[in-house]
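Q: As you go down the protein sequences, you meet chains A and B in turn. To convert, take the position in the first sequence, counting from 1, and add 24; that gives our numbering. To convert, take the position in the second sequence, counting from 1, and add 13; that gives our numbering. Positions of the beta carbon are idealized from the N, C-alpha and C atoms, including for glycine. First the structure, which I've put down as structure tokens, then a few questions once you've had a look.
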Amino acid sequence: MINENSKNYVIEVEGLVKKFGSFVANDNLSFFVEKGEIFGFLGANGAGKTTTIKILCGLLQPTSGKIRVAGCDVYTQTEAIKRQIGYMSQRFSLYEDLTINENFRFYGGIYGMNKAAIREKAEMMLEQLQLSDFKNSLISTLPLGIKQKLSFSIAIMHSPQIVFLDEPTGGVDPITRRQFWEMIYETAASGITVFATTHYMDEAEYCDRISIMVDGRIEAMDTPQNLKNQYQAIDMNEVFLKLARKAM
Amino acid sequence: MKRFVIKEFLHIFRDVRSMIILFGMPLIQVLLFGYAITNEIKDARISVIDHSMDYASQAVTKRLYASGYFLEGEHIGSTQQIEESFRKGENKMVVVIGQDFARKLESGNHPAIHLIADASDPNTANLLVSYASGIITAYSREIFLPENIPVIVPESRMLYNPDLRGVYMFVPGIITILLMLVSAMMTSIAIAREKELGTMEVLLVSPLKPLHIVAGKVLPYVLLSFINATAILLLSYFVFGVPVHGNLLLLLGESLLFILLALSLGIFISTVSNNQQTALMLSMFALMLPTILLSGFVFPIENMPDILQWISLAMPPRWFITIIKSIMIKGSGIEFIWKETLILVVMTMIFILASVKKFKIRLE
Numbered sequence: 025m026i027n028e029n030s031k032n033y034v035i036e037v038e039g040l041v042k043k044f045g046s047f048v049a050n051d052n053l054s055f056f057v058e059k060g061e062i063f064g065f066l067g068a069n070g071a072g073k074t075t076t077i078k079i080l081c082g083l084l085q086p087t088s089g090k091i092r093v094a095g096c097d098v099y100t101q102t103e104a105i106k107r108q109i110g111y112m113s114q115r116f117s118l119y120e121d122l123t124i125n126e127n128f129r130f131y132g133g134i135y136g137m138n139k140a141a142i143r144e145k146a147e148m149m150l151e152q153l154q155l156s157d158f159k160n161s162l163i164s165t166l167p168l169g170i171k172q173k174l175s176f177s178i179a180i181m182h183s184p185q186i187v188f189l190d191e192p193t194g195g196v197d198p199i200t201r202r203q204f205w206e207m208i209y210e211t212a213a214s215g216i217t218v219f220a221t222t223h224y225m226d227e228a229e230y231c232d233r234i235s236i237m238v239d240g241r242i243e244a245m246d247t248p249q250n251l252k253n254q255y256q257a258i259d260m261n262e263v264f265l266k267l268a269r270k271a272m
Numbered sequence: 014m015k016r017f018v019i020k021e022f023l024h025i026f027r028d029v030r031s032m033i034i035l036f037g038m039p040l041i042q043v044l045l046f047g048y049a050i051t052n053e054i055k056d057a058r059i060s061v062i063d064h065s066m067d068y069a070s071q072a073v074t075k076r077l078y079a080s081g082y083f084l085e086g087e088h089i090g091s092t093q094q095i096e097e098s099f100r101k102g103e104n105k106m107v108v109v110i111g112q113d114f115a116r117k118l119e120s121g122n123h124p125a126i127h128l129i130a131d132a133s134d135p136n137t138a139n140l141l142v143s144y145a146s147g148i149i150t151a152y153s154r155e156i157f158l159p160e161n162i163p164v165i166v167p168e169s170r171m172l173y174n175p176d177l178r179g180v181y182m183f184v185p186g187i188i189t190i191l192l193m194l195v196s197a198m199m200t201s202i203a204i205a206r207e208k209e210l211g212t213m214e215v216l217l218v219s220p221l222k223p224l225h226i227v228a229g230k231v232l233p234y235v236l237l238s239f240i241n242a243t244a245i246l247l248l249s250y251f252v253f254g255v256p257v258h259g260n261l262l263l264l265l266g267e268s269l270l271f272i273l274l275a276l277s278l279g280i281f282i283s284t285v286s287n288n289q290q291t292a293l294m295l296s297m298f299a300l301m302l303p304t305i306l307l308s309g310f311v312f313p314i315e316n317m318p319d320i321l322q323w324i325s326l327a328m329p330p331r332w333f334i335t336i337i338k339s340i341m342i343k344g345s346g347i348e349f350i351w352k353e354t355l356i357l358v359v360m361t362m363i364f365i366l367a368s369v370k371k372f373k374i375r376l377e
């Protein structure tokens, strides 16, 4: 129900359906995400997570449903939405044959930031990542974990309202993953809403709220603690397995 | 947009392979075709059987050997030995001069002179005969101006290429191939790379419009292809002495049109291929082979079976080769090539429209 209180919601989804031919990828999804929230979007491969993210980013047209992102309608205001969001895909969004600085300049440029703003933001972000000395290094020479953190920094350099992370931590070691989630906490604390998909169940514990998708439907949605209580599980992994088994 | 173009240039300059394709290839191709793989003849061994032994027949003989195309091969005394000499590979061609050569020439009674060539290599044979005919005709014209008694009717191909230089034929073909290669193949690969690496998704999520993405990817290649075309023209002019008889601006303008056509083809290819490998293969088979085989560059279109002739009508390079040959060698103006130009314009528009339709804003 979209009502007067919806002002705090940056993502509003009601009855989202997406069909590819006769296949239903998203079956009547409804959820609301608050500003500054870390919202985890969980599910097995092929459960329909990526489809949902693409619809929210304006890359896919939904079949039906009422969907608003950053206050804009996904059917008619995709251009406005695109300016308000950041996106980090499961594959790298950095250009390997460009340096760190050149990547910042390119991505800042396509979001319409001016030179001074890009330089200021890039310096600040590299300072935080302790990468200032490497700003002229080619991306291809950097380790995987650092590339991932840089990808994330670049996804939020234009200060979007929401940042979408599509399985951002695939193939990264647990320590780097932990550091990565610290960056996510800081980002959320600064008021940017984080919408992340993952299939690492330990990561789910870091989220404020999670929804678990099975076969195109949202089977459960709550805080990690509440879900564990509800399903009498010791960790999220168990919650997930119980839900997945129910589906079979 | 500006950032995009800068980034694209950085990609090109950082990638050794791209740089080689872009700048090494034209150089090597022009030099190779110009020097090594020419089908012009140098130092072909021939023999003359002279039944007249008068001043005219000896002058003709001397001219043949002095031309630089022919060397004196194994001497043959009679026509019976010709076949054996060919089989042994001693001679490539034998010139037989009939009796009373000078007298017949003076009285205008077509004197007999036969050119017998080893046609196991038809191209060479054809060329040898043409060369020799040219030399003999030139001689007869010199002596009997202005009557112009043709001793042997020369092949029409010498009309615009009196020196019979192969490089005249190759330069237009090479320009065409290289523009096709650089423009179409490189753009299709560059766009497919963004898809393969997943950066295309990020670009599509950004506020950039698809048109901007495509334009940003293509602009650097327009510039580089244009520089390339100019470089080839300069190279062929200064190294091989190939002239540009027609309007240089017209030539460059037509080149630009063809570059746009090739780029739109490249974009079209990239919309149907999801990775660099596919883009490369498609460019190879869909562009390179038809360009080389069906454009009239290597094989004359008139000699093809009807079906292939019909197919060659749809090959952009065919029209472009005609255009630049006309401008460079015949010095034609736009009034002679507007039809070909129009065909290229229409093809370009078709490909651009098709690409825009196929280029997906939403990654369905």
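(1) Please report whether the beta-carbon of TYR135 (chain A) lies at a distance below 8 Å from any beta-carbon of chain B.
(2) By the criterion of Cβ-Cβ separation under 7 Å, what are the contact partners of SER13 (chain B) in chain A?
(3) Is it the case that the stretch 244-259 of chain B contacts the stretch 336-345 of chain B, given that we only count it when at least three CB pairs across the two stretches are under 8 Å?
(4) Measure from the alpha carbon of PHE433 (chain B) to the alpha carbon of each residue in B:PHE17, B:ILE126, B:ALA242 and B:ALA138, then state which is nearest.
(5) Please list the terminal residues of the continuous beta strand (DSSP E) segment that includes THR247 (chain A).
(6) So VAL187 (chain A) and THR211 (chain A) are supposed to be a Cβ contact under 8 Å. How far apart are they, rounded?
(7) Identify the continuous alpha helix (DSSP H) that holds GLY39 (chain A) and give its terminal residues.
(8) If you draw a straight line from the alpha carbon of LEU326 (chain B) to that of ILE305 (chain B), how long is it in whole angstroms?
(9) Which residues mark the beginning and the end of the alpha helix (DSSP H) in which ARG107 (chain A) is found?
(10) Using a C-beta cutoff of 8 Å, does LYS42 (chain A) count as contacting chain B?
(11) Round the Cβ separation of GLY147 (chain B) and ILE126 (chain B) to the nearest angstrom and send it over; I've been treating them as touching at under 8 Å.
(12) Using 8 Å for Cβ pairs, my map puts LEU35 (chain B) next to ILE25 (chain B). What's the rounded Cβ distance?
(13) Residues of chain B with a CB under 9 Å from the CB of GLU126 (chain A): which are they?
(14) Return the residues of the stretch 179-201 of chain A that lie within a Cβ-Cβ distance of less than 7 Å from chain B, sorted by chain order.
(15) Look at the Cβ atom of ASN104 (chain B), then the Cβ atom of ILE59 (chain B), and state whether they are nearer than 8 Å.
(16) How about ASN50 (chain A) and THR75 (chain A): do their beta carbons lie closer than 8 Å?
(17) Count the C-beta pairs between the stretch 244-251 of chain A and the stretch 93-102 of chain A that are closer than 8 Å, then say yes if the count reaches three, no if not.
(18) Just to make sure I have the definition right: I need the residues of chain A whose C-beta is within less than 8 Å of the C-beta of LEU221 (chain B). Which are they?
(19) Could you tell me which residues DSSP puts in a beta bridge with ALA57 (chain B)?
(20) Along the stretch 222-240 of chain B, where does the CB come closer than 8 Å to a CB of chain A? Name the residues.
(21) Would you call the stretch 207-220 of chain B and the stretch 107-127 of chain A touching, i.e. three or more CB-CB distances under 8 Å?
(22) In chain order, what residues of the same chain lie with their CB nearer than 6 Å to the CB of ILE365 (chain B), ignoring the 5 residues before and after it?
(23) For ARG129 (chain A), which residues in chain B fall below 9 Å Cβ to Cβ?
(24) Using the DSSP secondary-structure output, state which residues sit across from LEU130 (chain B) in a beta bridge.
(25) Which residues of chain B have a Cβ atom closer than 7 Å to the Cβ of LYS106 (chain A), listed in chain order?
(26) Tell me which residues share the same chain as SER286 (chain B) and place their Cβ nearer than 6 Å to its Cβ, disregarding the 5 neighbours each side in the sequence.
(27) Do THR221 (chain A) and GLY60 (chain A) have their beta-carbon atoms positioned less than 8 Å apart in this structure?
(28) Could I get the ranges of all uninterrupted alpha helix (DSSP H) runs contained in the stretch 308-370 of chain B, with 4 residues as the minimum, in chain order?
(29) In chain A, which residues lie less than 9 Å from LEU302 (chain B) when you measure between Cβ atoms?
(30) Counting only Cβ pairs nearer than 7 Å, list the residues of chain B close to GLU144 (chain A).
(31) Would you identify the three-state DSSP class for GLU96 (chain B), choosing helix, strand or coil?
(32) Which of the three DSSP states is assigned to ASP226 (chain A) in this structure?
(33) Using 8 Å as the threshold, is the stretch 129-136 of chain A in touch with the stretch 199-211 of chain A, meaning 3 or more CB pairs across them?
(34) Out of A:ASN69, A:ASP239 and A:LYS106, point me to the one whose CA is closest to GLY82 (chain A)'s CA.
(35) Check for me: the beta strand (DSSP E) holding ALA257 (chain A) runs from which residue to which?
(36) Which of the three DSSP states, helix, strand or coil, is assigned to ALA68 (chain A)?
A: Working from what's here:
(1) yes
(2) In the structure as shown, chain B begins at 14 and stops at 377. Residue 13 (chain B) is therefore absent and cannot be evaluated.
(3) yes
(4) Given a span of 14 to 377 for chain B in the structure shown, any question on residue 433 (chain B) remains unanswerable.
(5) Segment: none, THR247 (chain A) is in no beta strand (DSSP E) and carries neither H nor E.
(6) 7 Å
(7) Segment 33-44 is the beta strand (DSSP E) holding GLY39 (chain A); no alpha helix (DSSP H) there.
(8) 14 Å
(9) 102-108
(10) no
(11) The pair is not a contact, with the Cβ atoms about 13 Å apart (cut-off 8 Å).
(12) 7 Å
(13) ILE19, LYS20 and LEU23
(14) none
(15) yes
(16) yes
(17) no
(18) ILE134
(19) B:PHE83
(20) none
(21) yes
(22) SER277
(23) ARG16, ILE19 and LYS20
(24) Per the sequence shown, the amino acid found at residue 130 (chain B) is Ala instead of Leu. B:MET106, per the DSSP bridge assignment.
(25) VAL218, SER219 and PRO220
(26) ALA205, ALA292 and LEU295
(27) no
(28) 319-326 and 329-338
(29) Simply none; closest approach about 30 Å.
(30) In chain order: nothing, as chain B lies at least about 17 Å away.
(31) helix
(32) helix
(33) no
(34) A:LYS106
(35) Careful: ALA257 (chain A) lies outside any beta strand (DSSP E) and carries neither H nor E.
(36) coil
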